[in-house]
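Data block below; observations after.
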Ligand SMILES: [Zn+2]
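In the working numbering, the protein residues as written are 25 to 311.
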């Protein structure tokens with residue numbers, strides 16, 4: 025019966041069209057889901073593990089949003105859920121007379137070890153303060169020689185900043201820094217690649233209360249505890265009175281909450297991030 029068949033065809037057609045749209049909707053939802061999870065994973069990873077970028081695993085940052093992020097996310101999740109209650113205190117700039125020794129004194133009295141990212145030209149001026157940091161068992165990293173934002177420099181200029189700082193630090197304490205923190209936290213694809221190729225580990229942070237402009241220790245304190253998380257890296261500064269005023273309560277509160285303070289190298293070890301060989305053993309590269 026032609027009429028009936030025609031009707032059946034039309035029905036089939038309508039059914040097929042409806043099916044096609046449902047399928048299209050499902051595919052779009054699936055794509056949307058993958059995009060969302062990549063986005064979530066990237067945020068999760070950058071909060072938890074892309075704070076320490078070692079030359080050995082710099083691949084994770086080459087193409088943010090790529091499937092490498094999922095791989096990094098897996099590593100990140102596995103360490104995150106171990107809930108290691110560790111946190112790293114880092115201090116940028118200096119060393120400076122008066123404030124750096126005060127800071128070191130507080131840390132040493134409380135048995136806390138931190139990481140100091142020092143400026144080469146200040147080390148040149150106040151070498152004995154670098155020894156004071158080193159003698160306290162704290163870790164020392166590089167923060168360039170002139171405190172210039174490295175995303176404005178060319179490859180040679182970046183390497184000069186790193187080399188000059190390494191040399192002056194090595195002259196005083198007998199070991200070269202392996203860790204590096206970019207001034208102002210400013211880094212782009214090119215400068216990141218240059219620093220990693222040079223063999224330094226880039227150390228960013230996940231908790232930045234802005235002690236360089238906020239002078240009220242209570243506000244700094246609240247901000248830090250709002251953002252605090254296991255495995256976090258706090259960035260503070262060496263030459264500021266508000267930071268020194270903040271320290272005793274900050275240390276007390278973290279310890280009361282069951283946190284242990286670690287240096288960046290210890291944190292990297294806990295997170296399973298490979299670091300280059302100890303600086304003393306590294307050989308001078310000639311070119
Ligand atoms: Zn700085």
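Virtual Cβ for every residue (Gly too), placed ideally from N, Cα, C.
In this structure, residue 144 sits away from residue 227, with a CB-CB distance that is not shorter than 8 Å. Residue 298 counts as exposed, since fewer than 16 other beta carbons sit within 10 angstroms of its beta carbon. Collapsing the DSSP output to three states places residue 260 in a strand.
In the structure shown, the three-state DSSP call for residue 268 is helix. Distance from the Cα of residue 109 is smallest, within the candidate group 264, 223, 301, 286, for 286. With a threshold of 7 Å, the Cβ atom of residue 171 counts as near ligand 1, since some heavy atom of the ligand is closer than that. The region 247 to 254 makes no contact with the region 202 to 216; the number of CB pairs closer than 8 Å stays below 3.
Here residue 203 is not near residue 170, since their CB atoms are 8 Å or more apart. Note that the C-beta distance between residue 163 and residue 196 is not below 8 Å. For residue 208, the three-state secondary structure derived from DSSP is helix. Remark: fewer than three beta-carbon pairs, one from each stretch, lie closer than 8 Å, so the region 266 to 276 and the region 48 to 59 are not flagged as touching.
Residue 142 is bridged by DSSP to 166.
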